[in-house]
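Q:
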Amino acid sequence: MKTAMNDSNEVLVDCQNVWKIFGARAPAAVKAVSERGLSKKQVLKDFDCVVGVSDASLQVCRGEIFCIMGLSGSGKSTLIRLLNRLIEPSLGKITVKGREIAKLNAAELRDMRARYIGMVFQSVALLPYRTVLENAAFGLEVRGVARDERNKTARAALEKVGLADWTARYPSELSGGMQQRVGLARALAADPEIILMDEPFSALDPLIRRQLQDEFRQLTKSLGKSAVFITHDLEEAIRIGDRIAIMKDGVIVQVGTAEDIVTKPADDYVSDFVAGISRIHLVKAHSVMRPVAEFQSAHPHSDVNALLRTSPEADIGELIDLTMQSDRDAVAVVDNGTIVGIVTTRGLLRGVAGSPTREPVAA
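Mapped onto my numbering, the consecutive letters of the sequence shown carry residue numbers -8 to 354.
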């Protein structure tokens, strides 16, 4: 089951009102943004500067996979590079594990990246003259870890990604999907708490891509890691993410669970994005159920205790299956042994259509 946040709600990455402005007159543009609240178009017109990220705020919690998605030029790759200070923010504040990264000196920043933040790019950039094992151990080598220890750690990481039998091979002998696994193993070998993924699977064939998506989610969750995953594909974000941020023109338009975004899009831009997405496995019983009292008022002779039961997290597909198994046109939603709502056939249809969550009282 995907949740909005990890139960601890411990924030590992906190990005507050962050801007990134590119151009020769960026300092003046930043000052104008701060003092006059200029828009992206105004910054381009008045200062000939490009706003890569505009007033972005987000939080990533421990154990959460947070997807940032948008079309090319939306600012998503710029934003992820701000999170580990590969590029410097123009304005705003970013903290990682409670430390403001803009205030770290060069040695502290290297240590932060080496110990707490792993990153996997679309171009995995393996060293062609090194074996799979040596590539997976490279980050530990940079940190000065002894050969035997780093190789042992790298072997364990490669085993986690299914490459235990490929340690002596070279990158040229691997498929694209296998090379991405080596990149992930290299990140995991450093045992970071946070993994940043910048469109790592976008160049792969669809079947391999789906396989790696599932493997990445399962592995990240089983190891208790947190991740920020960049993608231009909403279906990939839905498949992987606990929460999703949608970006457009450098602005974060909406943040929420896949269910939130599909059923309650923030604007027409998000609506267009989700128009072709199936609701069957996204919309849950808690979003389409109606209060027990309302159902009983409309159906005074119906015994809710005789209905088939399911949990609040059951999706539309499960609810349809239950409805087809029953001679009744409703399913009881039970939480901690108590019936908390009723899903009717009409509610199911509204869920499939992506309509507002509350159905009218009249049956």
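The beta-carbon is built from N, C-alpha and C at its ideal position, and this holds for glycine as well. Note that this is a predicted model, so its numbers are computed, not measured.
Can you tell me whether R300 is helix, strand or coil according to DSSP?
A: It is a strand residue.
Q: Where does the unbroken alpha helix (DSSP H) through S217 begin, and where does it stop?
A: Careful: S217 lies outside any alpha helix (DSSP H), inside the beta strand (DSSP E) at 217 to 222.
Q: What did DSSP end up calling F38 once you bin it into helix, strand or coil?
A: Of the three classes helix, strand and coil, the one that applies to F38 here is helix, per DSSP.
Q: With burial defined as no fewer than 16 other Cβ atoms inside 10 Å of the residue's Cβ, what is the status of V42: buried or exposed?
A: Classification of V42: buried, given that the 10 Å Cβ count is 16 or more.
Q: Once you ignore the five residues that flank F129 on each side, which residues in its own chain have a CB closer than 8 Å to its CB?
A: Hits under 8 Å: L118, R121, R177.
Q: By the 10 Å Cβ neighbour count, where 16 or more other Cβ atoms means buried, how is P347 classified, buried or exposed?
A: For P347, the predicted structure reports a pLDDT of 49, less than 50, and the residue's modelled location is therefore unreliable. The matter cannot be settled from this model.
Q: Taking C-beta to C-beta, are V51 and L3 nearer than 8 Å?
A: For V51 and L3, yes; Cβs fall inside 8 Å.
Q: Using CA coordinates, which residue listed in G342, S166, V173, E132 is at the minimum distance from L149?
A: Answer by Cα proximity: V173.
Q: Please list the segments of the alpha helix (DSSP H) lying wholly inside the stretch 174 to 206, counting only runs of 4 or more residues, in order along the chain.
A: The qualifying runs do not exist here; there are none.
Q: Express the C-alpha separation of A289 and D205 in angstroms, rounding to a whole number.
A: Those two C-alpha atoms are separated by around 43 Å.
Q: Counting only the same chain and skipping the five closest in sequence on each side, list residues whose C-beta sits under 7 Å from that of A180.
A: So the qualifying residues of the chain are A127, A128, G130, L131, T144, A145, A148.
Q: Regarding R53 and the ligand SAM, is the C-beta to nearest heavy atom distance less than 7 Å?
A: Within the structure as shown, the ligand SAM is missing, as the structure has no ligands at all.
Q: Can you give the beta carbon distance from P162 to Q170, rounded, assuming they're within the 8 Å contact cut?
A: Sure, about 6 Å apart at Cβ, within 8 Å.
Q: Output needed for M(-4): all residues of its chain with C-beta closer than 8 Å, excluding positions within five of it in sequence on either side, in chain order.
A: For M(-4), the predicted structure reports a pLDDT of 49, less than 50, and the residue's modelled location is therefore unreliable. A value from the coordinates is still provided. The residues are C52, E55, D233, R234.
Q: 8 Å is my cut-off, CB to CB: does E79 come that close to chain B?
A: The structure shown contains no chain B; it holds only a single protein chain.
Q: Which residue's Cα is closest to the Cα of Q316: R300, V324, Q245?
A: Closest option to Q316, Cα to Cα, is R300.
Q: Assign L82 to one of three DSSP states: helix, strand, or coil.
A: Strand at L82.
Q: How many angstroms separate the CA atom of M(-8) from the CA atom of G338?
A: Confidence at M(-8) is low in this model, with a pLDDT of 43, below 50, so the placement of that residue should be treated as unreliable; the coordinate-derived value is given next. Looking at the two C-alpha atoms, the distance is approximately 22 Å.
Q: Under a Cβ-count criterion, where at least 16 other Cβ atoms within 10 Å of its own Cβ denotes burial, should L198 be classed as buried or exposed?
A: Exposed: under 16 other Cβ atoms inside 10 Å.
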